[in-house]
Amino acid sequence: MLYFRTKPDPVFLVLVEEALRWELAGFRRISAANDLESWFVEYPVLERVFTPYSAMVALEDLLRAHAQDTVYRPTDFHWLAIYECLKNYCLWHNDRLSDSKEPFLRLQAYRFGYLDFEAIVERYFWDEDFLILPQPDRDSQRCGCASTDPDWVEDLSMGLRPHPSCLRFSVVHEMAWYVPQPQECGQWRLP
């Protein structure tokens with residue numbers, strides 16, 4: 001399981017899994033065709049950090065961690081991928097819902113109405129700091145473009161990619177889940 005801010009309920013777990021699988025199919029399509037033009041157009045945020053292949057590997061790792069009973073802390077790179085996957089899936093789902101005559105769509109054993117992406121981020125994400133890529137500082141003593149350190153990841157804005165060691169999950173032994181106030185039961189809107 002991934003360590004979200006709020007302990008995920010079964011409905012949110014299904015939503016995250018579906019969003020990751022849905023995007024993984026797109027990553028595989030682009031990676032198999034080696035279509036970098038589509039990658040840059042369809043994933044302008046992720047392309048700054050991942051190649052199509054490395055994004056595919058990261059999502060496969062996320063899905064494996066998500067399916068485990070052990071709780072794992074994602075890195076900022078993983079958070080960025082989760083954020084983009086959920087955002088794209090919510091947009092796609094809500095478009096399908098608006099074209100449907102039904103007030104909800106089925107996903108496994110659950111019925112989903114409108115997905116409020118901003119509310120999902122507010123409830124389940126610790127923060128949104130992962131959205132800010134570090135800026136280059138060529139005058140700094142720790143400039144990544146001149147570094148010989150293979151673990152250097154700070155200067156992503158110069159086109160550098162995260163080192164594989166920076167994409168390792170850490171096990172969370174003591175969880176400190178946020179407990180939200182009880183919400184209205186039976187609503188069609190998630191969360």
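With this note's numbering, you'll find the sequence shown wraps up at 191, consecutive numbering, no jumps. We put the CB at the ideal spot given by N, CA and C, even for glycine. Remember, it's a predicted structure, so these values are computed and weren't measured experimentally.
Cβ-Cβ distance between residue i and residue j below 8 Å
i, j, result
"residue 66", "residue 17", "yes"
"residue 111", "residue 104", "yes"
"residue 109", "residue 81", "no"
"residue 77", "residue 56", "no"
"residue 169", "residue 52", "no"
"residue 63", "residue 21", "yes"
"residue 172", "residue 107", "no"
Nearest residue (CA-CA) to residue i, options the options
i, options, result
"residue 19", "125, 39, 84", "84"
"residue 47", "179, 113, 131", "131"
"residue 70", "1, 168, 11", "1"
"residue 119", "107, 90, 41, 129", "90"
"residue 45", "88, 101, 123, 121", "88"
"residue 6", "122, 32, 98", "122"
"residue 129", "79, 113, 25", "79"
Alpha carbon of residue i to alpha carbon of residue j, nearest angstrom
i, j, result
"residue 36", "residue 23", "16 Å"
"residue 12", "residue 116", "12 Å"
"residue 163", "residue 50", "11 Å"
"residue 175", "residue 54", "29 Å"
"residue 30", "residue 60", "15 Å"
"residue 166", "residue 34", "25 Å"
"residue 102", "residue 4", "31 Å"
"residue 126", "residue 72", "14 Å"
"residue 179", "residue 32", "42 Å"
"residue 25", "residue 10", "23 Å"
Outcome for residue i when other beta-carbon atoms lying within 10 angstroms are tallied against a minimum of 16
i, result
"residue 177", "exposed"
"residue 8", "buried"
### Length-filtered (4 minimum) alpha helix (DSSP H) runs lying within the stretch 87 to 133
117 to 124
#### Entry: Ranges of the alpha helix (DSSP H) found wholly within the stretch 9 to 53, counting only runs of at least 4
Note on the stretch 9 to 53: whole alpha helix (DSSP H) runs with a minimum of 4 residues are 10 to 33, 36 to 42, in chain order.
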